[in-house]
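Participant:
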């Protein structure tokens, strides 16, 4: 069982059976054709984005560029996780990407953002227990 599968099981209470589970897994794990591919661009992605411009590094880079750096720092640090609102996530990712992810999850965009705002801080926290991004090979599902 890979790190990502373990984290999703813990955060979502038993695995990726939640409608958001598959999308959250793609967001955190990246991979070819994942939802961040279009968001991050094909070559290199977000400056300072980390793992191939996608996956967890790309996700955190996008959030930082959107003004949510203090949130990201709290999730990857050792203190309490700072909450993030659905509206902040909507602003960070944009209408098109949010609609795409919500459609993938079979959810209304507002419901998707509400669940994402609840699960993302804990998922990132568990993926970075030492404050460092995990090695690409350990993130597999």
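Numbering (my numbering), first residue to last: 5 to 145.
Where is the CB? At the ideal position from N, CA and C, for every residue including glycine.
My understanding is that residue 60 touches residue 131, with C-beta atoms under 8 Å, so please give their C-beta distance in whole angstroms.
Facilitator: Right, their Cβ atoms sit about 6 Å apart.
Participant: Beta-carbon within less than 6 Å of residue 80's beta-carbon, same chain only, minus the 5 sequence neighbours each way: which residues are those?
Facilitator: The residues are 132, 135.
Participant: Residue 106 and residue 23: beta carbons closer than 7 Å?
Facilitator: No, they are not a contact pair.
Participant: Using CA atoms only, rank isn't needed, just tell me which of 72, 86, 71 is closest to residue 78.
Facilitator: Per the Cα distances, 86.
Participant: How big is the Cα-Cα spacing for residue 97 and residue 26?
Facilitator: Approximately 17 Å between the Cα atoms of the pair.
Participant: Check residue 65 in the structure and name its three-state DSSP category.
Facilitator: In this structure, residue 65 counts as helix in the three-state DSSP scheme.
Participant: Between the C-alpha atoms of residue 88 and residue 6, what's the straight-line distance to the nearest angstrom?
Facilitator: Between residue 88 and residue 6, the C-alpha separation is close to 26 Å.
Participant: For residue 99 and residue 93, I'd like the C-alpha separation in whole angstroms.
Facilitator: The straight-line gap from Cα to Cα measures roughly 10 Å.
Participant: Helix, strand or coil: how does DSSP classify residue 104 here?
Facilitator: The answer is helix: DSSP assigns residue 104 an H, G or I state.
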